[in-house]
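Enquirer: Just dropping this structure here.
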């Protein structure tokens, strides 16, 4: 028998064996997301006629190592939206990824995940901003797909009284032939008078035999700043993909000038099919001054310490 | 490929922008349920032969503004039942809506939801009764559908030691041509010697160009009483539905005689399809004495204060 | 319309009315699992070619009496795994049943569930071992299906710092004609220097008109031991199945020699279809010394007391 339903059920399970050593402490563990976040989702799309469509999307984050949901405690942590789309673009309401997330994923060979992710060096500068990835109560407008390569979106999320939740941001980009370039910026309200400000931009060029990408991510909160520069590289190799990246994080202001860090990462994804891959990643990070970044946790970060990690896993999408 | 399953996956996502002003305090927010409760469900029905059917139903309540589940913390907050049905009717076990809920929804143009809902003036009189909508551990019997318009159900739910959870109730109604009339009553055990008692009744007449409905809901707990009278009206208008209601709540006993309240509501549902609608609702409520009802929360209710609200949203069912 | 998905949605809802009397205290309640655990699951299987398959499995435990999830608080309490399988067998990662669980279910007419389950006399001897059924972070290898009746699996689960979670175990069995025989053993790390050790074995013979089974389960923790012997019997009768079992639990060591217990159980499953059954079970247990086992809870166990129970329910699978 077949399901009597107009909804699509989809998901990803990704589990890896991971070893992280930070400040001389090593933790070996089963980890949830070396390549892609584990998830289960339900989405609906209805054609309303005249080019208009309605859509709904619910997506939970799964920790398959222990069977729990995301530590946020929100069942639909990844996305819970309803939307109307048409020739004008898409109007979308609910909890969702925010505009400043996308460049951090698209222009990083490791896509914010695993021991090699550039996201390991991303910070909210202690501002309490909870919007590095997603926003609650968001109203988003997304440009239509047929603008000759131009794409973009804008999002406003009232904080509804929760410090670190009030978000306004936008992203605009251009994708044409081998080139992709995008710019995004956002303000997030905090518990203090200062907003947390983020601006990031990326460029990638796909030469076929290899793809190069450059990502800049700049954060500012009061007198504190951190500018990250990342150089990324991917290349098809055999039935898989070689991935490599180098990133520098440069802190400044409020006595943080010495707290810089660097990360280098190398990995390979072996594709068993379009939906299933084996992967392995290695990374090495150095912290200076009071910087205490880490390639994964546990163990906790340690000021000025080296952090390194290696993981091997399997990802299956359905 | 197609799902290898005999289960139906269904749901509703409903998000609105809502502004509520109570006692001079205004809160603007994204809200979850201006028209219908957001939900995700899974149901199965099996034909056992001889007219007998088995069924299962799991339904979670979704807050798509923030991605959380219902504040009760129960994943299957809306319904978790298994049932056997046939010519004799249906025997149903589990957590479910209770008989005294239905009149409050069926004979209200706003169906217990949003700033215009008559349910905004419903109370358990401080009894701790947790059964205004649903009951845990319920054994329900529902009359078969082919009784010439007669319908009804009875439900017994042992409290299993939780004050406010022991429920016994029944509903009987008659639907014929343009007329629908129903009566329901229930007792709920509390932490005191007094049961919380509810009786409600509704009548509706559908003249085609408009539908009129009258709803009475009477609550009693010890010496306290509250009687609510609501007049409702709906009319097809363009591709949508005009909705209006007026309700009075009359409290009495135990020094509450002055704590009366009134609500008036007006709204319009614009149907984009059978499954997708845009809607807008406005309502205005006055409290007298120590009555502190509100058209929505936050903000909190304020004794004797005016509460008013407006919301506009989108509902998509799948 | 049909689901656009390659995932199978499946589940079971099982609700019963149950009465348990222990130490003279009787509790009547609606219960969740007289025959099979209530659940909702999502599974995917992809053919990778060359005999290789990838799979994913998410399965939540449902308490349909109140709409909650399992008391562990883990949404995917029952299983969350990703696996690769082929001619070599199956490699599986994630939270899953462990090898020492299977004999307790397969060689018990009541399959670890309900007032008649042999599992009612199973203990971790106060060791804190949380692995009687499942393990987090597990790496499992399962033998292929075509070994002429030989089957087996091995599982290693690092505790990741949680006492009672570090598990290593294996099971091997042989299924041929009417005979099935299997042996399993495991070690679980605890908060003390002693591991909790479990060994169990079962034999069953299916004569067609009846099936006989014998199960041994031996637990050891430091100086404490408990050996359980169970004799089980099932027989097709009418459109259903008669089930009966007798079990003895023999404690020894560390002053527990007198703490023995016995249970006898009798039940009948009436099959309405392959997917839907009605069932009834009766059981009676005696405790000696300080033994405080029980056929169900609530009420709590009482040292040296008799515990007896009866339940009648419905199970529907989809």
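Chains as they are written, first to last, in our numbering: chain A, 1 to 318; chain B, 319 to 636; chain C, 637 to 954.
In this text, a Cβ means the ideal position worked out from N, Cα and C, and glycines have one as well.
1. Since residue 29/A meets chain C, which of its residues come closer than 8 Å, beta carbon to beta carbon?
2. Measure the alpha-carbon distance for residue 587/B versus residue 432/B and round it to whole angstroms.
3. Could you check what DSSP says for residue 100/A in three-state terms: helix, strand or coil?
4. Have a look at the DSSP bridge pairing and note the partners of residue 79/A.
5. Taking any Cβ of chain C, which residues in the segment 388-416 of chain B have a Cβ under 7 Å from it, in chain order?
6. Do residue 937/C and residue 758/C have their CB atoms nearer than 8 Å?
7. What span of residues does the beta strand (DSSP E) with residue 155/A cover, start to end?
8. Please classify residue 25/A as buried or exposed, where buried requires at least 16 other C-beta atoms within 10 Å of its C-beta.
9. Quick one, are the C-beta atoms of residue 103/A and residue 201/A less than 8 Å apart?
10. Touching or not, the segment 375-393 of chain B and the segment 66-85 of chain A, by the rule of three or more beta carbon pairs under 8 Å?
11. If I'm right that residue 530/B touches residue 523/B with Cβ under 8 Å, what's the distance once you round it to whole angstroms?
12. Give the straight-line distance between the Cα atoms of residue 377/B and residue 676/C, rounded to the nearest whole angstrom.
13. Roughly how many angstroms separate the alpha carbons of residue 596/B and residue 326/B, rounded to a whole number?
14. Please tell me whether residue 559/B has its Cβ less than 8 Å away from any Cβ of chain A.
15. I'd like to know whether the C-beta atoms of residue 627/B and residue 613/B end up nearer to each other than 8 Å.
16. Could you confirm whether any beta carbon from chain C is found closer than 8 Å to the beta carbon of residue 544/B?
17. With distances taken from CA atoms, which of 29/A, 46/A, 43/A, 14/A is nearest residue 36/A?
18. For the putative contact between residue 141/A and residue 175/A, defined by C-beta atoms under 8 Å, what is the C-beta separation to the nearest angstrom?
19. List the residues of chain C that residue 257/A touches, going by C-beta distances under 9 Å, in chain order.
20. Determine the DSSP secondary structure at residue 424/B, reduced to helix, strand or coil.
21. In chain B, what lies closer than 8 Å to residue 746/C by C-beta?
22. 8 Å is my cut-off, CB to CB: does residue 6/A come that close to chain B?
23. Per the contact definition of three or more C-beta pairs closer than 8 Å, is the segment 253-268 of chain A in contact with the segment 224-232 of chain A?
24. In this structure, how does DSSP classify residue 132/A when only helix, strand and coil are distinguished?
25. Going along the chain, which residues of its own chain have a beta-carbon closer than 7 Å to the beta-carbon of residue 257/A, five neighbours each way excluded?
26. Report yes or no: is there a C-beta of chain A within less than 8 Å of the C-beta of residue 776/C?
27. Is the shortest distance between the beta-carbon of residue 645/C and the beta-carbons of chain B less than 8 Å?
28. Closest to residue 179/A by CA distance: which of 170/A, 207/A, 171/A, 64/A is it?
29. What residues from chain B crowd round residue 44/A, counting only those whose CB sits closer than 9 Å?
30. Going by DSSP in three states, residue 315/A sits in which element: helix, strand or coil?
31. Starting from the C-beta of residue 771/C, find all residues in its chain whose C-beta is less than 6 Å away, skip the five residues before and the five after it, and write them out in chain order.
32. Would you verify that the beta carbon of residue 533/B is, or is not, closer than 8 Å to some beta carbon of chain A?
33. For residue 436/B, does the three-state DSSP call read helix, strand or coil?
34. Can you say whether residue 637/C is buried or exposed, counting buried as having 16 or more other CB atoms within 10 angstroms of its CB?
35. Could you name the residues that DSSP lists as bridge partners for residue 522/B?
36. Does the beta carbon of residue 848/C come closer than 8 Å to any beta carbon on chain A?
Expert: According to the structure shown:
1. As a working note, residue 29/A is residue 29 in the first chain. Under the 8 Å cutoff, chain C gives 773, 794, 796.
2. Locating residue 587/B in the second chain gives position 269, counting from the first residue. Locating residue 432/B in the second chain gives position 114, counting from the first residue. C-alpha separation (whole angstroms): 13 Å.
3. Taking the first chain and counting its residues from 1, one reaches residue 100/A at position 100. Three-state result, residue 100/A: helix.
4. By 1-based counting over the first chain, the position of residue 79/A is 79. According to DSSP, which records beta bridges pairwise, residue 79/A is partnered with 59/A.
5. 392, 393, 394, 395, 398, 399, 400, 402, 411, 412, 413
6. The sequence position of residue 937/C within the third chain is 301, counting from 1. The sequence position of residue 758/C within the third chain is 122, counting from 1. Contact flag unset, no.
7. The residue labelled residue 155/A in the question sits at position 155 within the first chain. It spans 150-157 - the beta strand (DSSP E) in which residue 155/A sits, taken as one unbroken run.
8. Residue mapping note: residue 25/A aligns to position 25 of the first chain, counting from 1. Exposed.
9. Walking along the first chain from the start, residue 103/A turns up at place 103. Walking along the first chain from the start, residue 201/A turns up at place 201. Taking 8 Å as the Cβ cut-off, residue 103/A and residue 201/A qualify as a contacting pair.
10. yes
11. Counting from one through the second chain, the residue named residue 530/B turns up at place 212. Counting from one through the second chain, the residue named residue 523/B turns up at place 205. With a Cβ gap of about 5 Å, residue 530/B and residue 523/B count as contacting.
12. Start at 1 with the first residue of the second chain, and residue 377/B comes out as number 59. Start at 1 with the first residue of the third chain, and residue 676/C comes out as number 40. Between residue 377/B and residue 676/C, the C-alpha separation is close to 11 Å.
13. Position 278 of the second chain holds residue 596/B. Position 8 of the second chain holds residue 326/B. Going by the C-alpha atoms only, they are around 25 Å apart.
14. For the purposes of this step, residue 559/B is taken as the residue at position 241 of the second chain. No, residue 559/B lies away from the interface with chain A (no Cβ there is under 8 Å from its Cβ).
15. Taking the first residue of the second chain as position 1, residue 627/B is located at position 309. Taking the first residue of the second chain as position 1, residue 613/B is located at position 295. A contact, by the Cβ cut-off of 8 Å.
16. Here residue 544/B corresponds to residue number 226 of the second chain, with the count starting at 1. Taking Cβ atoms only, chain C never reaches closer than 8 Å to residue 544/B, which makes this a no.
17. If you number the first chain from 1, residue 36/A lands on position 36. Nearest option by C-alpha distance: 14/A.
18. Counted from its first residue, the first chain places residue 141/A at position 141. Counted from its first residue, the first chain places residue 175/A at position 175. Contact doesn't hold; Cβ gap of about 19 Å is too wide.
19. Stepping through the first chain from its first residue, residue 257/A is reached at position 257. Those within 9 Å of residue 257/A in chain C number zero; the least Cβ separation is about 37 Å.
20. Against the second chain, residue 424/B aligns to sequence position 106. Helix, per DSSP.
21. Within the third chain, residue 746/C is the residue found at index 110, counting from 1. Chain B residues near residue 746/C: none, gap ~19 Å exceeds 8 Å.
22. Here residue 6/A refers to the residue found at position 6 when the first chain is read from its first residue. Cβ-Cβ to chain B under 8 Å: yes for residue 6/A.
23. yes
24. Along the first chain, read from residue 1 onward, the residue named residue 132/A stands at position 132. Reduced to three states, the DSSP call for residue 132/A is coil.
25. For the purposes of this step, residue 257/A is identified with residue 257 of the first chain, where counting begins at 1. Answer for residue 257/A: 251, listed in chain order.
26. The sequence position of residue 776/C within the third chain is 140, counting from 1. Taking Cβ atoms only, chain A never reaches closer than 8 Å to residue 776/C, which makes this a no.
27. Within the third chain, the letter at position 9 stands for residue 645/C. With 8 Å as the cut-off, residue 645/C counts as an interface residue toward chain B.
28. Your numbering for residue 179/A matches position 179 in the first chain. It is 207/A whose Cα lies nearest to the Cα of residue 179/A.
29. To locate residue 44/A, count along the first chain from 1; it is residue 44. What residue 44/A touches in chain B: 329, 331, 593, 634, 635, 636.
30. Position 315 of the first chain holds residue 315/A. Strand at residue 315/A.
31. Working through the third chain from its first residue, we reach residue 771/C at position 135. So the qualifying residues of the chain are 734, 793, 803.
32. Position 215 of the second chain, counted from the first residue, corresponds to residue 533/B. So no, residue 533/B is outside the interface.
33. For the purposes of this step, residue 436/B is taken as residue 118 along the second chain, with counting starting at 1. Helix.
34. Locating residue 637/C in the third chain gives position 1, where the first residue counts as 1. Since pLDDT at residue 637/C reaches only 33, below the 50 mark, its modelled position is unreliable, and the value read off the structure follows with that caveat. Label assigned to residue 637/C: exposed.
35. Sequence index remark: in the second chain, residue 522/B carries index 204 (1-based). Note: residue 522/B sits in a beta bridge opposite 498/B, 531/B.
36. Looking up residue 848/C in the third chain gives position 212. No, because no Cβ of chain A sits closer than 8 Å to the Cβ of residue 848/C.
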